[in-house]
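Colleague: Heads up: the sequence shown is residues -13 to 352, going by our numbering.
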Amino acid sequence: MVRADDPILDLPPDAAPDPDEYLRAALRWHFSPETGSPFWLERAPSLGFDPLTDVTTFADLNRFPNLANELRTVRVEDLIPRGYGPRPDVVGVYESGGTTGAPKRVVLLRDWLDRLLAWSSAELDRHGVPLGVNWLSVVPSGPHMVGPIIAQQAAFRGGLAFSVDLDPRWVKRLIADGKFGEAAAYGEHLIEQVAYVLQSQDVGVLMITPPVLERLARRDDLVKLVNDKVRAINWVGTQMDPDTRHLYRTEVFPDVVLYSGFGSTMILGNASERPGLTDDDPCVYDPFSPHMTFRVVDPETGVTVPYGERGQVVMNHVSKSLFLPNNLERDYATRVAPPAGQAGDSVADVAPVARFDDETVIEGVY
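#1: Buried or exposed: where does ASN52 fall if 16 or more other Cβ atoms within 10 Å of its Cβ makes it buried?
#2: Does ALA2 come out as helix, strand or coil in the three-state DSSP assignment?
#3: Can you give me the C-alpha to C-alpha distance between MET252 and LEU310, rounded to a whole angstrom?
#4: Work out the CA separation of THR39 and LEU199 for me, nearest whole Å.
#5: Which residues bound the alpha helix (DSSP H) around GLU200?
#6: Based on the DSSP output, what are the partners of TYR318 in its beta bridges?
#7: Given this structure, state the Cα-to-Cα distance separating PHE342 from GLY78, to the nearest angstrom.
#8: Which value, in whole angstroms, describes the spacing of the CA atoms of TYR352 and SER18?
#9: Using the rule of at least 16 other Cβ atoms within 10 Å of the residue's Cβ for burial, across every protein chain shown, is HIS175 buried or exposed?
#10: Starting from SER186, trace the beta strand (DSSP E) in both directions and tell me its first and last residue.
#11: Please go through the same chain and pick out, in chain order, the residues whose beta-carbon is closer than 7 Å to the beta-carbon of LEU117, but skip the five residues on each side of it.
#12: Where does GLY133 fall in DSSP's three states?
#13: Measure from the alpha carbon of SER250 to the alpha carbon of each residue in VAL216, ARG281, HIS130, then state which is nearest.
#14: Straight-line CA distance for TRP221 to ALA141?
#15: Could you say which of ASN120, LEU95, VAL157 lies nearest to SER149 if we only look at CA atoms?
#16: Can you grab the Cα-Cα spacing for the pair GLU295 / GLN328, in whole Å?
Right, dumping it as structure tokens:
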């Protein structure tokens, strides 16, 4: 008899299990009555196929419907697999941006956080980001995931975490209402808070969104502080065009490591910028496979586009704590060949679609 709690699901973060073997083990966990979540056990009979026998490879995940929109209203307790027992170690409940309708919610469990932090820290090492330094994060805090996770990442790497809270929903509402002056004033409010921290504290890593970094770069005093103190800038949240990225790396912050991540609450994490890219290379992202995987598809047909072509990003999360396949995201990207051993695609030149779920997409500050 094959057990639902296969040891492959608990391998160390630096292990590289066979992706399809890992997937089959995860499906046994999520669709077995003793270990699966109420969410998936209730929906299994209506799928029209048996996940335990009919899904054997990552390519088969496209058989699943995209149920991400159900996460707007589902009882969050129903997302937790029963295999964690009556007192699961829940770190938090986090929401998507909520700018294209009501927010979606996911539950973050401790074992996935530990795995994510270890993988992310190893990626930071590959980029040359120093250990034992303090972080200043200018990103959303709760109910969003990124702020709380980065505070944990700073501690994991031996530093303290400073934060400036950023409310993307409010800024996007201001922009949607045509209140551009108020949105600009909010941006300056963020920069004022960033200045207070940079002027008074030791900061080794600055995590910031491109629109806020652009405002920071207009102030010579803050550019000097960053160059004097900060050893790495991690930009996240919205796109940065190649010319701006090149300018920051070569002229504005020439001695600072500049790198980025591409993530989503719906995959409980982010993909990391591929190390070793030159200033002329596109910004390529490789996900934490096999736990997080991408496909780049033609939005009209759902068919995977050829390498080098652009399409809409489909994300999968497959771990012991969450199974969320075939989620069509609000981003376009160029499909890139993955590194050896990675399941799914890598992506480059990520940019938002104009409309998503019949709503206009507004980037704002995140």
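Each residue gets a CB set at the ideal place from its N, CA and C atoms; glycine is no exception.
Given the structure is predicted, the values throughout are model-derived calculations rather than measurements.
Modeller: Short version:
#1: Under this definition ASN52 is an exposed residue.
#2: The three-state secondary structure of ALA2, taken from DSSP, is coil.
#3: So the alpha carbons of these two residues sit roughly 7 Å apart.
#4: Using only the alpha carbons, I get a separation of about 49 Å.
#5: In the DSSP assignment, GLU200 falls within the alpha helix (DSSP H) that extends over 196 to 203.
#6: According to DSSP, TYR318 bridges with GLN298, ALA337.
#7: The predicted position of PHE342 is uncertain, since its pLDDT is 49 and thus under 50; no value can be drawn from it.
#8: Any reading at TYR352 is ruled out, since the residue's pLDDT is 44, under 50, leaving its predicted position unreliable.
#9: Around the beta-carbon of HIS175, fewer than 16 other beta-carbon atoms lie within 10 Å, marking it exposed.
#10: If you look at SER186, you'll find it isn't in any beta strand (DSSP E); it sits in the alpha helix (DSSP H) that goes 166 to 186.
#11: The answer, listed in chain order, is ARG143, GLY144.
#12: In the structure shown, GLY133 sits in a helix (DSSP, three-state: H, G or I).
#13: For the residues VAL216, ARG281, HIS130, the minimum Cα distance to SER250 belongs to HIS130.
#14: Straight-line Cα distance between these residues: approximately 19 Å.
#15: Comparing Cα-Cα distances from SER149 to each of ASN120, LEU95, VAL157, the minimum goes to ASN120.
#16: The alpha-carbon atoms of GLU295 and GLN328 are separated by roughly 19 Å.
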